[in-house]
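Residue numbers (this note's numbering), protein chains in the order written: chain A, 18 to 388; chain B, -19 to 302.
See the structure below:
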């Protein structure tokens, strides 16, 4: 085998992910076709459901907000070559931070401070939930993949116990917390645009979308513009080299996991403060796991993560539309698409690499001969 | 006293039923992880096995065909895992996550497409399932005082798949420690380069380990949907694959120890429903969520090296590059 030239940067960053995405959609299309529906029609229904119908864009961006947070969580850990599967649990307990902050501060402080404190507390709770797996990985050598999976289950058990027991709304049967005070509600997009006299269709989209955009920027600053980010990436590339360069590897691992958990914890802001106004059972609904697909597709870069989140937001919102239009395909299709995307742009990321580089080399050479 | 005796007997009986899929999945996990492949896709294989078993059993009316189908489906998932992380050297955890997603999606999509019951399969009649079987001499041994009841309640009266699972454990142990294949499999998980330089194919060896694991998970899936249960329900694996993975770690990647871990986790599960609302002396009522969380808590404590030292295969998680 001859030594092949690496792919040009643009092909590696844009063409290859696109090919992987197309492959994932193609396989899902085949499944739809086998079931006896028209994949093209299904795709059109999803696109319409995600962007065209009134209010649908708001829903899409609301989902996007969640995926930005969980995608950032996974991506932060990826930069240190750690795999945080625990976004789900970290986001789940993040809601406890909000409940705590509202209980402590809402009676005494003006709304804006309550909201800020809620944001800090939810991030802290998420961070705390990731801190232990991070510590165990760094100091005791237990693998963070396994421990974060376990911590998801622990979070789930803890939240069921809290929401059905100590935190249950008085006089309620279903496991959910009390409503949080109004001063901690985040204005919805409808309200926000209303301040400027604009009238938009009601949707769950709220100001946490802005917070998500800020988080993307913070993530970019952190990873590429700070000393800590450099340390994180160095540890991710080669722990021994990082250690030799004087970087405290275990400290970096612990900090990375905490930041990762903090990003995941912010998801609770969107759900609890923006939409539900209370903690309900399973409000994380798999968003934490979708973050893995988002980070993989977005290549751990904020711009990529934004577009990948948008894609998954559209998939979640458009997928719901499938329920209404088809008898035999439902929103569960989204799970399959997610699986395929993780498979093709994660595990099989470089499957098309040799073929693509061969084609590109040929095209490039062909062009040269024409000159 | 007699009452307490039967309580214990029933709890152990329930333990065995709950632990069966765990044991099979744990053996699958041991084969795959001992060969150096991280296997968090146990959950997905279990789920797809459960779905295919119930679907085929209800379409053909044969539990055996269901079992065969479950094994095929689960092995296919294993091969996909292998294709991604052995052939293409992809990340094993990512590939496992992908398979779990594929399994949750596909089982429901196909279930709705075929049976139109919102993802469930039709309830199977008793001859389409693996029914409890009475072992020999139950009636004769009944005359013995304690032994008779133990034999009737605990040993006899399980479905064939439970006995298969119990046999799988020593068989797995035998294969791993007493056969040439097992020796090579353990070697490839410790030092693939040594195996390779001895002229044995690392790729083929790891594929075989995954296939064996697929067979185990397929049987476990069939047990869930056509033996323990009578139909497939969405997400019916409900984290059992992960508990099995915890049992693998708890058993320090050894079949017999993992078997005891499965029984312990099964026992916790079995007594959880019994302890609900019961006031125990001194400690009072135990929240059932604590019992649910206990296997994970114990595994985390174990993993953190506070009791004993876990010794995972050294080459685990690393794709082999020549």
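Glycine included, C-beta positions come from ideal geometry on N, C-alpha and C. Quantities reported herein were computed from a predicted structural model and do not represent experimental measurements.
Whose CA, out of the options, lies closest to the CA of residue i?
| i | options | result |
| --- | --- | --- |
| residue 5 of chain B | B:27, B:164, B:16 | B:27 |
| residue 102 of chain B | B:302, B:227, B:240, B:37 | B:37 |
| residue 360 of chain A | A:24, A:27, A:29, A:37 | A:37 |
| residue 244 of chain A | A:227, A:232, A:272 | A:272 |
| residue 49 of chain A | A:371, A:358, A:375, A:347 | A:347 |
| residue 144 of chain B | B:202, B:107, B:123 | B:202 |
| residue 295 of chain B | B:238, B:242, B:182, B:80 | B:182 |
| residue 350 of chain A | A:63, A:299, A:76, A:33 | A:63 |
| residue 366 of chain A | A:28, A:23, A:34 | A:34 |
| residue 255 of chain A | A:96, A:56, A:76 | A:96 |
| residue 331 of chain A | A:57, A:84, A:25 | A:84 |
| residue 79 of chain A | A:229, A:209, A:44 | A:229 |
| residue 140 of chain A | A:345, A:338, A:107 | A:107 |
| residue 35 of chain B | B:114, B:258, B:90 | B:90 |
| residue 214 of chain B | B:261, B:73, B:289, B:88 | B:88 |
| residue -18 of chain B | B:79, B:24, B:130 | B:130 |
Does the beta-carbon distance from residue i to residue j come in below 8 Å?
| i | j | result |
| --- | --- | --- |
| residue 77 of chain B | residue 309 of chain A | yes |
| residue 207 of chain B | residue 110 of chain B | yes |
| residue 225 of chain A | residue 72 of chain A | no |
| residue 174 of chain A | residue 267 of chain A | no |
| residue 212 of chain B | residue 7 of chain B | no |
| residue 316 of chain A | residue 89 of chain A | no |
| residue 294 of chain A | residue 202 of chain A | yes |
| residue 293 of chain B | residue 65 of chain B | no |
| residue 312 of chain A | residue 115 of chain A | no |
| residue 112 of chain A | residue 289 of chain A | yes |
| residue 134 of chain B | residue 128 of chain B | no |
| residue 275 of chain B | residue 248 of chain B | yes |
| residue 118 of chain B | residue 139 of chain B | no |
| residue 236 of chain B | residue 171 of chain B | no |
| residue 158 of chain A | residue 335 of chain A | no |
| residue 86 of chain A | residue 281 of chain A | yes |
| residue 399 of chain A | residue 105 of chain A | Shown here, chain A extends from 18 to 388; a query on residue 399 of chain A therefore has no answer. |
| residue 223 of chain A | residue 137 of chain A | no |
| residue 204 of chain B | residue 189 of chain B | no |
| residue 28 of chain A | residue 373 of chain A | yes |
| residue 355 of chain A | residue 63 of chain B | no |
| residue 2 of chain B | residue 224 of chain B | yes |
| residue 188 of chain A | residue 274 of chain A | no |
| residue 233 of chain A | residue 322 of chain A | yes |
| residue 46 of chain B | residue 83 of chain B | no |
| residue 149 of chain B | residue 162 of chain A | no |
For the putative contact between residue i and residue j, defined by C-beta atoms under 8 Å, what is the C-beta separation to the nearest angstrom?
| i | j | result |
| --- | --- | --- |
| residue 53 of chain B | residue 209 of chain B | The pair is not a contact, with the Cβ atoms about 17 Å apart (cut-off 8 Å). |
| residue 368 of chain A | residue 68 of chain B | 5 Å |
| residue 314 of chain A | residue 277 of chain A | That belief does not hold up - the Cβ atoms of residue 314 of chain A and residue 277 of chain A are roughly 18 Å apart, past 8 Å. |
| residue 192 of chain B | residue 11 of chain B | 5 Å |
| residue 70 of chain B | residue 92 of chain A | Not a contact, Cβ separation roughly 18 Å. |
| residue 246 of chain B | residue 18 of chain B | Incorrect: roughly 24 Å between the Cβ atoms, too far for contact. |
| residue 143 of chain A | residue 110 of chain A | 7 Å |
| residue 14 of chain B | residue 233 of chain B | 6 Å |
| residue 281 of chain B | residue 166 of chain A | At roughly 15 Å, the Cβ-Cβ gap does not stay under 8 Å, so residue 281 of chain B and residue 166 of chain A are not in contact. |
| residue 180 of chain A | residue 190 of chain A | Incorrect: roughly 12 Å between the Cβ atoms, too far for contact. |
| residue -4 of chain B | residue 142 of chain B | 6 Å |
Quick one: give me the first and last residue of the alpha helix (DSSP H) that residue i is part of.
| i | result |
| --- | --- |
| residue 256 of chain A | 256 to 261 |
| residue 107 of chain B | Unbroken run through residue 107 of chain B: none, as it is neither H nor E. |
| residue 44 of chain B | 43 to 62 |
| residue 29 of chain A | From DSSP, residue 29 of chain A is part of no alpha helix (DSSP H); its letter is neither H nor E. |
| residue 169 of chain B | 160 to 170 |
| residue 198 of chain B | 182 to 203 |
| residue 360 of chain A | Counting along the chain, residue 360 of chain A falls outside any alpha helix (DSSP H), and DSSP gives it neither H nor E. |
| residue 304 of chain A | 304 to 314 |
| residue 325 of chain A | 319 to 342 |
| residue 34 of chain B | 22 to 40 |
| residue 220 of chain B | 220 to 230 |
| residue 243 of chain B | 235 to 255 |
| residue 13 of chain B | -18 to 14 |
| residue 280 of chain A | 266 to 282 |
| residue 281 of chain B | 268 to 283 |
For residue i, is the beta carbon positioned less than 7 Å from some heavy atom of the ligand GDP?
| i | result |
| --- | --- |
| residue 2 of chain B | Ligands are entirely absent from the displayed structure, and the ligand GDP is therefore not among its contents. |
> Taking only runs of the alpha helix (DSSP H) that begin and end inside the region 65 to 129 of chain B, which ones reach a length of at least 4 residues, in chain order?
Replying inline: 72 to 95, 118 to 121, 126 to 129
> In chain order, which continuous runs of the alpha helix (DSSP H) of length 4 or greater are located wholly inside the region 189 to 256 of chain A?
Replying inline: 206 to 212, 225 to 242, 244 to 254, all fully within the region 189 to 256 of chain A.
> Of all the beta strand (DSSP E) runs that stay within the bounds of the region 118 to 192 of chain A, which reach a length of 3 or more residues?
Replying inline: The region 118 to 192 of chain A contains no whole beta strand (DSSP E) run of 3 or more residues.
> Counting only runs that start and end within the region 30 to 106 of chain A, where is the alpha helix (DSSP H) found for 4 or more residues in a row?
Replying inline: Counting only runs of 4+ residues, the alpha helix (DSSP H) found wholly inside the region 30 to 106 of chain A occupies 33 to 52, 56 to 64, 73 to 96, in chain order.
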